[in-house]
Amino acid sequence: MPQLELIREFIGSKLKWDRRKIDDMLLPVIKRMNTNEIQSRIDCFFAPVLFESTSHQFKKN
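Numbering (the working numbering), first residue to last: 1 to 61.
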């Protein structure tokens, strides 16, 4: 877990944001970090493809 107060102080000093703006930007990121999602596998993004045998495409002489 990140040290929120230190992050708030750093952002406030560097960007001159007030506490409300910092929290509006920072808290959604922290909440997203804390969700226990499992990393997706690459095969979740593609439809399955069935490969047919190509032997029927070749004629034997």
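Quick reminder that beta carbons are idealized off the backbone N, C-alpha and C, glycines included.
Kindly indicate the opening and closing residues of the alpha helix (DSSP H) around Asp23.
Unbroken alpha helix (DSSP H) run through Asp23: 19-34.
Got a sec, what are the start and stop residues for the alpha helix (DSSP H) Arg8 sits in?
First-last of the alpha helix (DSSP H) with Arg8: 4-15.
Only counting the same chain, and skipping five residues up and downstream in sequence, which positions put a Cβ closer than 7 Å to that of Asp24?
Taken in chain order, the list of residues that qualify is empty.
Whole angstroms are fine: how far does the CA of Phe46 sit from the CA of Ser13?
Approximately 45 Å, taken between the alpha carbons.
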